[in-house]
Amino acid sequence: MTADAELVFRLTGGVTVAFSGREADPRIVGGPRCALVLGFLVVNRHRDVSLEELAEAVWPADRPQSWNAALRILFSRIRDTFRLVGLPADGLRSRSGGVRLTLPASLRSDLELAEMYCDTSVGDPQAVLQNARKALGLLVSAPLDGITGSWADHVRAEATRIRIKALEIDAEGSLRAREYARATHSAQSIIAIDPFREKAYRIAMRGYMALGERGQALAAAARCRQALAEELGTTPSAETENLYLEILRSDDHPTRVTVAAATPSIENNTVRIERTAERVTIDEAVIGAAHGRGQFIAVVGEAGTGKTTLVLEAMDRARAAGTTVLFGRCSEESLVSFEPFVEAIGRELDDLDPVTVQERLRSAGPGLVKLVPQRMWETSDILVSSVEDDDRALTMSAVLEWLTSPMRRAPTMLVVDDLHWASTATLDVLRFVIHGSESAGLTIIVTVREEFTDRADLRSVLISPSRTRGVQRIELGAFDVAQVAALVEASGSDLDPAALHDRTNGLPFFVSSLLASDALRSQQQLPTSVAESVAHRIRVLGADALELLEVCSVIGLVSPRGVLRSAVEPMDDGAFAAAIDELSQARLITEFVSSSEVMIRHALVQESVYVQMPGVRRVHAHSRVARAFEDHGVDHEPDGFARMAYHLSHGLDSDRPRSVEYSIRAGDAANSIGAYEDAVSLYQFAAERLTPRGDSSARCRLLIKLGRAQRKARNSAFRSTLLGAAAMGRRLGDVDLHVSATLANNLYGILYVHIHIDHERIASLNDTLHALEATGRDDGSSTAHLLAQLAIEQIWTTDHHTRRDLLVRAIDAARAADDTDALIAALSAVLVSLRTPHMATIRQDAYEELEKISSIAPTRTLDPMLTVWLARAQVVNGELAKAQHTIGRVSAAHTSRDRELAWLVSSIDFGIAVAAGRLSQCDQQLEEIRSIPASPIETYSFGRLLAFVCGLRTLRGDMREIVDAADDMTERFDLVSSYRPILALAMADVGDVESAARLLSWYDKPRVAAIEVNHVWASSIAVLGRVAAQIGNTIVCEAVYDLMVDHADETISAVAVVYGVTHHHLADLSIALGQYDRARRHLDDALRVHRARGFDAWYAETLYLGALLAAKSSGRQPTDSIERARRAADDTGATAVRRRIDALAGRWKA
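In terms of the numbering used here, the sequence shown opens at residue 22 and continues consecutively.
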């Protein structure tokens, strides 16, 4: 190897950089994505990497709109990492849409060095051996820990290849050096990675013999023979066989070698080819989960490749090892919301004793009781929430709690079969469970047909981007000719394996189906498809068996025996039993006596039988099945409503109108457990079939249900649906329906933080209020809700006095109606729509009353958006610990399905950290906020980051990022009043005082006074005053001081980011104006308020102002004041404040 090669980039474990005795972790410098980008560039260091390719690696899904800017930030952080260890920052070069590492070739990664250490051309065997051991020392851990993606998988595969090579060199060299124990250890390590490498078995055998462990040597030989035979269908080479015979001859009484028998098949009479590698993958995952490393495995392949067989075998092995196994499947018709979870949890509940059932359900909470309502009688003391709560979040949390509960005494396996049929709602819950179980003793295995993997919501589950480990994908393919030949031989068939393979394309289910069919073995012509094979097999069935099989295909893959029996009347019991036996012997169905169910052996059989049924027989069968379900009471159960709707809608014409009622009831049931997408489908189904077609109260009510479900499903169609329902209610003269439709049509989340004016929605609210007034009902709960929504909608179209008047009316109406929910809505609207300092008193009163309501009913479910606004108010008030507790009430289940809410929650966490002076953690938090995709209605995504960047960089770092966005911000000066002063402040911060002054010269007193008083007014004025003070624009300083002085005690904030108390900015302005006595009074108040409210970073900034005032007023260096300010800045990580303090101190040094 090259003598001057130096290890600089370590990829194993996590990505780190080391140089000149110093080491830096890019995760700490710039977060996980910084480590990912650096790792990707190191792996591809010998070429230019396009920004598009890099973005695909960083954001395989949900790429943010501002990804180019985000990459530039990451490049900057990588350069910072280089600087920390003494590497040149220009070692990362970006230009012409690409990026590349340009460091000297002698600076290597650990993988490059390990490859070099495995060079056997050195000549000296001892040097070769020592180099291999150095390589193994570099490869103790797998590379790129916590980084996912195909490129990372390729790097890990390459690392495995290098490690095997190093182990081979070490094993052979150790054997020659008579280090037999090390030789066998290295050989066994190779076998664990690659069980088909014969050379490793021979080294192990020789090593064990040299150690006198003849039995171990024979066991190694037996394992070699078994691995080659089971997986490759071959025997060991002559060299291995000769070594084995040599070991046998070494003793007259050879030890009998016992090898564990293969795992029994699901059914003893099933001929199969074992998939050893896949089996090992699953078994190792189960072991990992048992050690608290949650696992997710997707088994993918086309229909009939044996996916279900593979996982059922894995379930048997897991049970035998003490794992609790749960199984659920997704049906093609998706008749039951959250079907796999309902089935899996329901079956487990059936196996538990009543006391345990109660304990487990209480632990999981109301969400699980709603999911399995048939068990509700066992937990009558559990409070079940109303349909207006976020029931999806309840369900998600409950399922995760059930599967990972500390009450479990053993690891758990959840298998979800046929995930490709899952609804969006089911996939949403599964995605959350996968993410939330990463450190739990849970293995999740799903089976998926290959042709569905491009479905967007399914793909997001399969790649599990939120998981940092424990995600694997098993691809199942067709059998080759040798495997087909083995099946033919094992079955005793005389079919030609090659012809069978050609006809079936090696599809395992098709092959097994043909071999298992006695009727086909004598036929000259083989079927060309599964459907044809099934047709051949059902052609020889008796009439009763055929009817029974067809009814089974109508019901689905699994049929309750009682329902099936009722649906095939007037078949007598004897004929029914004989038909069951005939179908079982034909291997078309499986009967589960213990659970009273009959299952068609494969989904392909069910699909084939259903498609081949004549239309008339199929229609009659659906109607008979619907009546059978009614006879068994299924029509009164929530999960039975959708079944009834489905079968009635596919049945006789006389039955189809009844499907509308059941579809609506099924939609209500789905909505109540948070399966909003399912509810939308069911309500739409009902709306298409409801008669009469025109206006009616029934249709209006249905449209309101549909609109509410669409809104909760984040389906933008909710707006037009509910506007239409409101118009229909108005045409019908039904004020209640008119009001219900209007109140349901509120824009959740996005409106509160973006500039968005919906004039049609505002007109609808006013129209509904007028309708109430016309009927003399303008002082009740409905009026309160409508006024509250109207005030929020008019944030950008009316002044705060108008909105205040609306909300005073709303509060009065809610009190008059004694409606707590209406009062909460009105008070919440105050927090949302009256965010100017002029409205501080009414806003504080509203906050205190909301707090009182919450304390009176502490178990009351708070709307997540209300929780956000309460937490914001607490941050502004300086109640930081309370704010942290409040925002903690928004669960991960809430944020996982709502990016906007996730952004808001992250903004609160960030705001708390900034206010409390925990600035060192804010860089990472800012990157997390930046990584959340922007709202679809946003036209300028950097705009919503601006408050965070400005707020943090005022205290820590610098404002170069804002300066870099100057062109985009300048274009929007007329739209957003805060952009001009923020850009001026950033210019001054980076030393471009001339540009800052030029921007500020636009202002005079009339223009300052004309700045619109809205919820960004206070922060805009504060920033304007700050930059004016810095550059000495006294005209602006005086104008801003006059506007702010009436709000001296108020906290300035933007989004949830505190910008200090107004007294601080008044002091800054007073210093600039030479009003030193006035400045001292404001400084004293600012220090007091900042300390009382816990605004530690701004306390440091105020101490800096104190030092500045002392210097200006005395003309001397205020040493004590400077040192005090320095300590406060250092304690909080306020590097920007420290920079200003050092500049002040430097004036005297100069």
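All residues carry an ideal CB built from backbone N, CA and C; glycine is no exception.
Beta carbon of residue i nearer than 8 Å to that of residue j
i	j	result
Phe662	Ala687	yes
Gly462	Thr433	yes
Val321	Arg494	yes
Ser928	Val760	no
Ala221	Ala187	no
Ala1060	Leu940	no
Ile908	Val897	no
Arg622	Val575	no
Thr416	Leu392	yes
Val1110	Val1082	yes
Phe317	Val450	no
Asp1089	Arg1047	yes
Close beta carbons around residue i, own chain, < 6 Å, minus the five adjacent residues each side
i	result
Leu848	Ala867, Glu870, Leu871
Cys971	Ile1003
Gly899	Arg1114, Gly1115
Cβ distance (whole Å) where residue i is taken to contact residue j below 8 Å
i	j	result
Ala37	Ser162	Contrary to the premise, residue 37 reads as Thr rather than Ala in this sequence. Not quite, the Cβ-Cβ distance comes to about 12 Å (not below 8 Å), so this is no contact.
Ser355	Leu578	Their Cβ separation, rounded to whole angstroms, is 13 Å, which puts Ser355 and Leu578 out of contact at 8 Å.
Val1079	Phe1116	6 Å
Ile190	Ala153	4 Å
Thr485	Ile455	The identity of residue 485 in the sequence shown is Ser, whereas the question assumes Thr. Confirmed, Cβ separation roughly 5 Å.
His806	Thr857	Going by Cβ atoms, the distance from His806 to Thr857 rounds to 24 Å, so no, they are not a contact pair.
Leu973	Leu947	6 Å
Where residue i falls: helix, strand or coil (DSSP)
i	result
Val149	helix
Asp652	helix
Ser876	helix
Gly750	helix
Thr489	coil
Tyr1080	strand
Gly770	Caution applies to Gly770, whose pLDDT of 49 falls short of 50 and renders its modelled position unreliable; the model cannot decide the point.
Gly797	coil
Val143	helix
Pro47	helix
Asp101	helix
Gly52	coil
Phe40	strand
Asp944	helix
Arg974	helix
Thr474	coil
Buried or exposed (CB count within 10 angstroms, at least 16 for buried), residue i
i	result
Leu724	buried
Ala1030	exposed
Ala477	exposed
Asn692	buried
Thr256	exposed
Ser407	No answer about Ser407 holds up, because its pLDDT of 43 lies below 50 and its placement is not dependable.
Glu603	buried
Met230	buried
Gly1053	exposed
Met428	exposed
Arg825	buried
Lys873	exposed
Ile778	exposed
Other residues of its chain near residue i: CB distance less than 7 Å, five sequence neighbours each side excluded
i	result
Ala281	Per-residue confidence for Ala281 stands at a pLDDT of 27, beneath the threshold of 50, marking its modelled position as unreliable; no derived number is given.
Val29	Val38, Ala39, Phe40, Leu128, Arg129
Asp501	Gly527
Glu1033	Ser998
Ala596	Asp565
Cβ-based neighbour list, residue i, same chain, cut-off 8 Å, excluding 5 preceding and 5 following
i	result
Ala1146	Ala1121, Leu1124, Tyr1125, Gly1127, Ala1128, Val1158, Ile1162
Ala837	Asp800, Gly801
Arg752	Asp716
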